[in-house]
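Below is one structure, written out as C-alpha cells, with a few remarks after it.
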Amino acid sequence: MTIADENRLETPLTAPGEILQTGAADYPGLDAWRQLPLKQQPDWHGHPDFDDAYEELSSNPPLVFAGEVDKLKDRLASVAKGEAFLLQGGDCAETFDGVTADKISARVKTILQMAVVLTYGASLPVVKMGRMAGQYAKPRSSDMETRGDVTLPSFRGEIVNGFDFTEQSRIPDPKRMVTAYHKSASTLNLVRAFTEGGFADLRAVQQWNKGFMENPAHARYEQIAGEIDRAVRFMDACGVEFDGLKRTEFYAAHEALLLDYERALTRIDSRTGEPYVTSGHFVWVGERTRDLDGAHVDYLSRVRNPLGVKLGPNTSPETVLELIEKLDPAREPGRLTFITRMGAANIREKLPPLVEAVRDSGAEVVWVTDPMHGNTITAKNGYKTRRFDDVMDEVRGFFEVHRAAGTYPGGLHVEMTGDDVAECLGGSDVIDESAFDARYESLVDPRLNHKQSLEMAFLVAEALTQVK
Ligand code: PEP
Ligand code: MN
C-alpha cells in the first residue's frame with residue numbers, strides 16, 4: 000500500500016491480528032496529522048524508495064513492547080507523586096557509526112553511575128532512560144544550509160540525510176529510516192543485555208565510581224561517595240542478594256520528530272486494541288514542533304506511550320494547560336512529562352508561572368529540567384558549546400522554583416556521553432576551548448563528557464538531599 004492509498008482509508012477497525020501485521024494501517028485517526036501543519040520534515044514522499052522503506056518498517060517487529068511501555072508509565076506516575084526521580088541522558092543526535100559496543104556500554108555505564116549517585120542523594124528510586132535507540136532525527140533552524148556559493152538541504156540527523164556537505168549526502172534518503180531501525184534494534188539488544196545480565200550490579204557500579212573519586216579534582220564529593228560505598232559494603236556484608244541490586248530497568252527515549260518513522264512503527268496492542276509507538280518507550284515533542292494545532296501534538300495525542308513536551312522560555316501558562324488538555328485529557332498519572340529548557344538566565348523568572356498554573360489546575364505531571372538547550376553559546380573558536388556552570392545554575396534554579404511552589408522537581412534530562420570528549424566548557428577537570436579541535440565529536444549539540452556527567456550527578460544529589 001502506498002501513502003496515497005493509506006490517506007484514502009477511512010475504514011473502521013479491522014481484526015487485531017490484521018492490524019498487527021499492517022502496522023495499524025487502518026486505525027481511525029492515526030493519519031489525521033497528514034492534514035495538519037507539519038514542521039521539520041524532509042520532502043521525500045516522491046522519492047522512488049519511499050514506499051518500500053515505509054512498507055518495510057511497517058512490517059518489521061516492534062522495537063519495544065506495550066507491556067514495557069505501560070510499566071514505564073507506572074514508574075513515571077511514581078515520579079509525578081514525588082516517589083521517584085527520572086534521569087534521561089544521551090547524545091543530542093545518535094550516529095550510525097556510534098553504534099559500537101564500546102560507545103554504548105560507556106554511555107549506559109555513565110547513566111548507571113549517575114543513577115547510583117542520585118539514588119543515594121534522593122533516597123528514592125531513579126527511573127533510568129537513554130536518549131538512545133532512536134534519537135536520530137534533528138530539528139533545524141533552517142531548511143537549507145549555505146557555505147560559500149553552495150546551498151544544500153540542512154543536515155536533519157542520520158535517519159534523514161548525511162552530515163557531509165555534498166549534494167549526494169544531503170539529499171534525504173528514506174532508506175535511512177530502515178537503517179535507523181536496525182541500528183536502534185542492535186542498540187536496544189546490547190542495552191537489554193547489559194542492564195539485565197549483571198552489568199548493572201550495584202557493587203560493580205560503585206567500583207566504577209571509585210575511579211572518578213580518585214582524582215583530587217573531585218575531592219569535594221568524597222563524603223557522598225564514602226557514604227554510598229559504606230552502604231553498599233554494609234548490604235554486601237549482610238548478604239543482601241536481592242535482584243534489585245543486580246539488574247535494572249532501562250528505558251529508551253527519543254524526540255518523535257520524524258512522523259513517517261513514528262507512524263510506520265506504530266502498532267496496535269493485541270491486549271487492548273490501543274495504538275503504541277513502538278520505536279521507543281518514551282517519546283517527546285521538541286520545542287520547535289509542539290504547536291497545539293500541529294501534526295506532532297495531534298499524532299502523539301493518539302498513542303498510549305508516556306509523552307514528554309519540551310518547554311522553552313516563551314511558553315505561556317495557557318499553552319501548558321492546553322497541552323495537558325490535548326495530551327492527557329484523562330489526567331493519567333505518568334502520561335505527561337514537561338521538560339523545561341529555559342536557560343540559566345531565565346528559569347527563575349519564566350518557570351514559576353508555568354508550575355503554578357499546572358499546580359493550581361490540579362493536573363499531576365512530571366517536571367524535568369533540561370539544563371542544556373537554553374544554555375548553548377558559540378565559543379570564540381566557532382564551536383557550539385555550553386558552560387558547565389550555566390548548566391548547573393539552571394538545575395539549581397529548577398530546584399529553587401519547585402521548592403517555592405511546593406511542587407516536585409522530578410528529573411534531569413542531559414546531553415551526555417560516556418567518552419572523554421571536550422564539548423562543554425568547565426567542570427572540575429577543566430575543559431577549555433583549546434581542547435575542542437582534538438576532542439569535539441558531536442555532530443549537533445555539545446555533550447557533557449563522562450567526568451562532567453558524574454560531577455553533575457553529585458551536585459544534583461546534593462540539591463536533592465535539600466529537597467527532602
Ligand atoms: C534536543 O533535545 O536535542 C532538542 C533539539 O531540544 P529542544 O527541542 O528543546 O530544542
Ligand atoms: Mn540537542
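Going by numbering that gives the first Met the number 0, the letters in the sequence shown line up with residues 0 to 467, in that order.
Heads up, the beta-carbon is just placed ideally off N, CA and C, and yes, glycines get one too.
Reduced DSSP secondary structure (H/G/I, E/B, other) of residue i
| i | result |
| --- | --- |
| Lys134 | Correcting the residue identity first, residue 134 is Gln in this sequence and not Lys. Three-state result, Gln134: coil. |
| Gly89 | strand |
| His401 | helix |
| Phe337 | strand |
| Val159 | coil |
| Lys38 | coil |
| Val420 | coil |
| Phe435 | helix |
| Trp43 | coil |
| Asp469 | As displayed, the chain neither begins before 0 nor continues past 467, which places residue 469 out of reach and without an answer. |
| Met371 | coil |
| Leu458 | helix |
| Ala294 | helix |
| Arg139 | coil |
| Tyr26 | coil |
| Asp96 | coil |
| Leu62 | coil |
Test: residue i CB closer than 7 Å to a CB of chain B
| i | result |
| --- | --- |
| Val231 | The question asks about chain B, but that chain is absent: this structure has only one protein chain. |
First through last residue of the alpha helix (DSSP H) which encompasses residue i
| i | result |
| --- | --- |
| Val284 | Looking at the DSSP string, Val284 is not in any alpha helix (DSSP H); the run it does join, the beta strand (DSSP E), is 281 to 284. |
| Pro316 | 316 to 326 |
| Lys72 | 65 to 79 |
| Leu201 | 201 to 212 |
| Ile170 | First-last for Ile170: undefined, no H or E at that position. |
| Ala236 | 221 to 236 |
| Ser57 | 49 to 58 |
| Leu353 | 346 to 360 |
| Ser441 | First-last for Ser441: undefined, no H or E at that position. |
| His217 | Per DSSP, His217 belongs to no alpha helix (DSSP H) and is neither H nor E. |
Residue span of the beta strand (DSSP E) that contains residue i, given as start and end
| i | result |
| --- | --- |
| Thr247 | Looking at the DSSP string, Thr247 is not in any beta strand (DSSP E), and its letter there is neither H nor E. |
| Thr505 | No information on residue 505 is available, as it lies outside the stretch 0 to 467 that the chain covers here. |
| Leu189 | It is not in any beta strand (DSSP E) - Leu189 instead sits in the alpha helix (DSSP H) that spans 174 to 195. |
| Trp366 | 365 to 368 |
| Gln306 | Gln is not the amino acid found at residue 306; the sequence shown has Leu there. Its beta strand (DSSP E) spans residues 306 to 310. |
Per DSSP, cross-strand counterpart(s) of residue i
| i | result |
| --- | --- |
| His412 | Gln87 |
| Asp425 | As written in the sequence, residue 425 is Gly, which differs from the Asp given in the question. Ile430. |
| Glu144 | Leu151 |
| Lys383 | Thr377 |
| Tyr275 | Arg266 |
| Gly129 | Gly88, Ala251 |
| Leu447 | Met415 |
Proximity of residue i and residue j at Cβ, strictly below 7 Å
| i | j | result |
| --- | --- | --- |
| Val231 | Leu201 | yes |
| Gly293 | Arg340 | no |
| Arg447 | Tyr250 | The displayed chain sequence assigns Leu, not Arg, to residue 447. Against a cut-off of 7 Å, the Cβ pair of Tyr250 and Leu447 comes out as no contact. |
| Thr186 | Val98 | yes |
| Ala404 | Met113 | no |
| Leu326 | Val364 | no |
| Gly129 | Gly89 | yes |
| Ala100 | Gly417 | no |
| Asp48 | Pro171 | no |
| Leu85 | Val367 | yes |
8 Å contact criterion, which residue i and residue j should meet: CB distance rounded
| i | j | result |
| --- | --- | --- |
| Glu254 | Trp283 | 6 Å |
| Phe387 | Gly342 | Not really, about 15 Å apart at Cβ, beyond 8 Å. |
| Asn380 | Phe435 | 6 Å |
| Phe398 | Leu350 | Actually they are not in contact, since the Cβ atoms of Phe398 and Leu350 sit about 11 Å apart, beyond 8 Å. |
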